[in-house]
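Q:
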Amino acid sequence: MSDNVPTMETDVLIIGTGPAGAAAACALSTYGIRNMVINKYGFTCRTPRAHITNQRTMELLRDLGLERDVVEQGVPHELMGENTYCTSVAGAELGRIKAWGTHPLRKADYDLASPTKIHDLPQNLMEPIVIRAAAHRGAKVRFNTEYLGLEQDADGVTARLRDGITGQEYDVRCKYLVGADGANSKVLEDIDLPLEGKMGLSGSMNIVFEADLSRYVEHRPSILYWVIQPGSDVGGLGIGVVRMVRPWWKWLAIWGFEVEQGPPDLTEELATSIVHKLVGDPDIPVKIDSTSTWTVNDTYATEVMRGRVFCVGDAIHRHPPTNALGSNTSMQDSYNLAWKLALVIKGQAAPALLDTYNTERAPVAKQIVQRANKSLGDFPPILGALGLLSTEDPEQMRKNMSALKETTPAAAERRAALQDAIAATEYIYNAHGVELNQRYESAAVVPDGTPDPGYSRDAELYYEATTWPGAHMPHVWLLEHGLQVSTLDLCGKGRFALITGTGGEAWQDAAKATEAAFGVEIAVHIIGHGRELEDPYGDFARIRGTTETGAILVRPDLHVAWRADRISDTAAADLRSAMGQLLGHQAAA
Ligand SMILES: Cc1cc2nc3c(=O)[nH]c(=O)nc-3n(C[C@H](O)[C@H](O)[C@H](O)COP(=O)(O)OP(=O)(O)OC[C@H]3O[C@@H](n4cnc5c(N)ncnc54)[C@H](O)[C@@H]3O)c2cc1C
Numbered sequence: 022m023s024d025n026v027p028t029m030e031t032d033v034l035i036i037g038t039g040p041a042g043a044a045a046a047c048a049l050s051t052y053g054i055r056n057m058v059i060n061k062y063g064f065t066c067r068t069p070r071a072h073i074t075n076q077r078t079m080e081l082l083r084d085l086g087l088e089r090d091v092v093e094q095g096v097p098h099e100l101m102g103e104n105t106y107c108t109s110v111a112g113a114e115l116g117r118i119k120a121w122g123t124h125p126l127r128k129a130d131y132d133l134a135s136p137t138k139i140h141d142l143p144q145n146l147m148e149p150i151v152i153r154a155a156a157h158r159g160a161k162v163r164f165n166t167e168y169l170g171l172e173q174d175a176d177g178v179t180a181r182l183r184d185g186i187t188g189q190e191y192d193v194r195c196k197y198l199v200g201a202d203g204a205n206s207k208v209l210e211d212i213d214l215p216l217e218g219k220m221g222l223s224g225s226m227n228i229v230f231e232a233d234l235s236r237y238v239e240h241r242p243s244i245l246y247w248v249i250q251p252g253s254d255v256g257g258l259g260i261g262v263v264r265m266v267r268p269w270w271k272w273l274a275i276w277g278f279e280v281e282q283g284p285p286d287l288t289e290e291l292a293t294s295i296v297h298k299l300v301g302d303p304d305i306p307v308k309i310d311s312t313s314t315w316t317v318n319d320t321y322a323t324e325v326m327r328g329r330v331f332c333v334g335d336a337i338h339r340h341p342p343t344n345a346l347g348s349n350t351s352m353q354d355s356y357n358l359a360w361k362l363a364l365v366i367k368g369q370a371a372p373a374l375l376d377t378y379n380t381e382r383a384p385v386a387k388q389i390v391q392r393a394n395k396s397l398g399d400f401p402p403i404l405g406a407l408g409l410l411s412t413e414d415p416e417q418m419r420k421n422m423s424a425l426k427e428t429t430p431a432a433a434e435r436r437a438a439l440q441d442a443i444a445a446t447e448y449i450y451n452a453h454g455v456e457l458n459q460r461y462e463s464a465a466v467v468p469d470g471t472p473d474p475g476y477s478r479d480a481e482l483y484y485e486a487t488t489w490p491g492a493h494m495p496h497v498w499l500l501e502h503g504l505q506v507s508t509l510d511l512c513g514k515g516r517f518a519l520i521t522g523t524g525g526e527a528w529q530d531a532a533k534a535t536e537a538a539f540g541v542e543i544a545v546h547i548i549g550h551g552r553e554l555e556d557p558y559g560d561f562a563r564i565r566g567t568t569e570t571g572a573i574l575v576r577p578d579l580h581v582a583w584r585a586d587r588i589s590d591t592a593a594a595d596l597r598s599a600m601g602q603l604l605g606h607q608a609a610a
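Spelled out as structure tokens, the structure:
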């Protein structure tokens, strides 16, 4: 970069204030790390975009102290789940599936897995919550600021930025740079990260509109109404969508277009006609708020960092909204990276710890892109059962759909096929395992010599709690001075937690010695009868996977780092060795 431009300094420069960038800035600021976060636009995103906030994301928001804000502004879980397939919102209903863990049989799985509940919060309301917290905690937030390029060397990164108001260019010198600049990431291009897959597979239109649809939906509250009518299989998701933005007056209609023909001229007239078609009530007053087009992508980065530059979010995983994994995974990438950056910048961990961002998150990028695209394949069987795939003639399609009511064996067969096809979409809406089952294997996890316990049920649909090192720290409710507290509440906040039981008191000294050796903070918690933390239901005893005197070391991102089956004479040395290993200080260990 040239010497003639002014230069600023920070520890971490984050490009983008979307879910990924905002979460990175918020977590780093919470951990006391100097950072600057920029957005080329004047403010956070205007349109609703992502909305379903899954439990893992709610957990990280809870850890960052933002769960209450999201709950206050979000649509509660109870109003999310009557996921409906219909010929239009006002038209015939074809079937439903209870989504997002609202079926009584699935609700237990979700309630048992996490202290949090899924919420629905449009991205344009989520981003300000997170970026505001980041700013309040010290992040330097700059809008109207465009990233132009970077150079990195052994000591840091220099990024060239342009002030969108004055046009002035300047450099920012930082120790690390985070590219959270979305699906067209320039940072990813500049550091030449390899991408696999295809972009632009099909075209889709988003139409945000206002219309009071209460009378059509209040009795079956859901955030998604899937509309199947002639033409719904063209482009896009292969099915039309009317998505609740705010109950029940603000909505987003999604309708496809042939990508080869390019995006249509989405005039207000066309947008209104599409909305009327999907709602199925041509007389309902509609106010178009905004329109945009986007494409379905099937692309992920196989490496997610280069030296001192990291990419997070849509930069490294680009996929359709099925399974609602986009902004969720984006925030989770940043949560994975932030504590590692904090420890390295504070000099408590070796830079090698940062490489585990790549080891842990590149596989997740691949997993979620593949899952979201596979889910698109769950719609055609529904269309097939309705007789929409056997003809291109709209009139014949209508006849085929109507024939479903007949009392013939053929119609009965198609009705059964329709029910099966709708039930199979469980993999789109209740893929609890996809959301929580990540078990990391990396240098930031110290194995205890036991094999991966595997899964007793379908690993995509069901979360399986385990304290096996690398897994999501299991949640159970405990009592602290008589008040309910989650095991996850004992963890996080940028520090390690060491959880033990009655007879494990010696871990306190072991933790102190390890803290002294590495300068890291370890919060020790003893759970047991008559202790500060009690396990009244015996749930912790059932899940801890160690004896009563054993210990579970939990990383700041609520994943298990290491565990010991019992206290022993070597406990202090074992803990120190494990911590040294995961911090990348082999020698000190
Ligand atoms: C219709 C639809 C529905 C969706 N539903 C869901 C859902 O229910 N759940 C879910 O999890 N996901 C959903 N998604 C996906 C979700 O919107 C994205 O995954 C998410 O926004 C990605 O976050 P990000 O921070 O990585 O990128 P973005 O949100 O794209 O943010 C990128 C940021 O970088 C900035 N930027 C870009 N280039 C530069 C530059 N050169 N200089 C400075 N700043 C720059 C941008 O201005 C922006 O602030 C949906 C998407 C769509 C289209």
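So that you can map any letter, position 454 of the sequence shown is 475 in the numbering used here, and since no number is skipped, the others follow by simple counting.
Think of the CB as a built atom: it goes at the ideal place given N, C-alpha and C, for glycine as much as any other residue.
#1: Roughly how many whole angstroms lie between the Cα atoms of Asp32 and Ala154?
#2: Measure how close the beta-carbons of Tyr378 and Leu364 come, nearest whole angstrom, since I'm counting them as under 8 Å.
#3: Nearest-angstrom Cα distance between Thr488 and Val467?
#4: For Gln144, verify whether its CB is less than 7 Å away from any heavy atom of ligand 1.
#5: What separation, rounded to the nearest whole angstrom, lies between the Cα atoms of Pro40 and Asp174?
#6: What whole-angstrom Cβ distance do Gly203 and Asp319 have, given they're in contact under 8 Å?
#7: Comparing the CB of Leu346 with every heavy atom of ligand 1, is any distance shorter than 7 Å?
#8: To the nearest angstrom, how far is it from the Cα of Asp441 to the Cα of Gly524?
#9: Quick check on the DSSP output: the alpha helix (DSSP H) that includes His453 runs from which residue to which?
#10: Verify whether the separation of the beta carbon atoms of Leu346 and Arg382 is less than 8 Å.
#11: Do His496 and Ser507 have their C-beta atoms within less than 8 Å of each other?
#12: Confirm, please, whether the CB-CB distance from Ser223 to Gly257 is below 8 Å.
#13: In angstroms, rounded to a whole number, what distance separates the CA positions of Ile275 and Leu504?
#14: Under the three-state reduction of DSSP, which class applies to Glu481: helix, strand or coil?
#15: Who pairs with Phe331 in a beta bridge, going by DSSP?
#16: Please classify Arg597: is it buried, with 16 or more other beta-carbons within 10 angstroms of its beta-carbon, or exposed?
#17: Given a cut-off of 8 Å on the beta-carbon distance, is the pair Thr51 and Pro215 in contact?
#18: Measuring alpha carbon to alpha carbon, tell me which of Pro125, Asn104, Ala134 ends up nearest Tyr483.
#19: Measuring alpha carbon to alpha carbon, tell me which of Tyr131, Gly116, Glu114 ends up nearest Gly122.
#20: Mind listing, in chain order, the continuous alpha helix (DSSP H) runs of no fewer than 4 residues lying wholly within the stretch 139–173?
#21: Does the Cβ of Arg163 lie closer than 7 Å to at least one heavy atom of ligand 1?
#22: Ligand 1 and Ala614: does the residue's C-beta get closer than 7 Å to at least one heavy atom of that ligand?
#23: For Ser311, which beta-bridge partners are listed by DSSP?
#24: Give the straight-line distance between the Cα atoms of Ile366 and Ala444, rounded to the nearest whole angstrom.
#25: Just verifying my parser: in three-state terms, what is the DSSP assignment at His338?
#26: Taking only three categories from DSSP, how would you classify Val385?
#27: Compute the Euclidean distance between the alpha carbons of Val238 and Glu231, then round it to the nearest angstrom.
#28: Expressed to the nearest angstrom, what Euclidean distance is found between the alpha-carbon atoms of Met422 and Ala432?
#29: What's the C-alpha gap between Ile309 and Arg267?
#30: If you drop the 5 nearest sequence neighbours on each side, which residues of the same chain put their C-beta closer than 6 Å to that of Gly10?
#31: Suppose contacts are defined by Cβ-Cβ distances below 8 Å. Is Phe539 in contact with Arg576 by that definition?
#32: Look at the alpha carbon of Ser206 and the alpha carbon of Thr570, and state the distance between them as a whole number of angstroms.
#33: For Pro69, count neighbouring Cβ atoms within 10 angstroms of its own Cβ and tell me buried if that reaches 16, exposed if not.
#34: Does Trp276 come out as helix, strand or coil in the three-state DSSP assignment?
#35: Hey, could you find the ends of the alpha helix (DSSP H) Met422 is sitting in?
#36: If you measure from the CB of Glu19, is any heavy atom of ligand 1 nearer than 7 Å?
A: With the structure as the only source:
#1: 19 Å
#2: With a beta-carbon spacing of about 12 Å, Tyr378 and Leu364 fall beyond the 8 Å limit used to define contacts.
#3: The straight-line gap from Cα to Cα measures roughly 12 Å.
#4: Answer for Gln144: yes, Cβ within range of ligand 1.
#5: 28 Å
#6: Taking 8 Å as the upper bound for CB-CB distance, Gly203 and Asp319 are not in contact here, some 17 Å apart.
#7: For ligand 1, at least one heavy atom lies less than 7 Å from the Cβ of Leu346.
#8: 52 Å
#9: 453–457
#10: no
#11: yes
#12: yes
#13: 45 Å
#14: coil
#15: According to DSSP, which records beta bridges pairwise, Phe331 is partnered with Val199, Met326.
#16: buried
#17: no
#18: Ala134
#19: That would be Tyr131, whose Cα lies nearest to the Cα of Gly122.
#20: Fully enclosed alpha helix (DSSP H) runs of 4 or longer: 144–157.
#21: For ligand 1, no non-hydrogen atom lies closer than 7 Å to the CB of Arg163.
#22: The requested residue 614 does not occur in the structure, where the chain is confined to residues 22 to 610.
#23: Val229
#24: Answer to the nearest angstrom: the Cα atoms are 49 Å apart.
#25: strand
#26: helix
#27: The straight-line gap from Cα to Cα measures roughly 15 Å.
#28: 10 Å
#29: 15 Å
#30: This structure does not reach residue 10, given that the chain is present from 22 up to 610, and the question cannot be answered.
#31: Contact: no.
#32: 48 Å
#33: Its Cβ being crowded by 16 or more others within 10 Å, Pro69 is buried.
#34: If DSSP states are grouped into helix, strand and coil, Trp276 belongs with the strands.
#35: 415–423
#36: Here the chain covers residues 22 to 610 and nothing more, so residue 19 does not appear.
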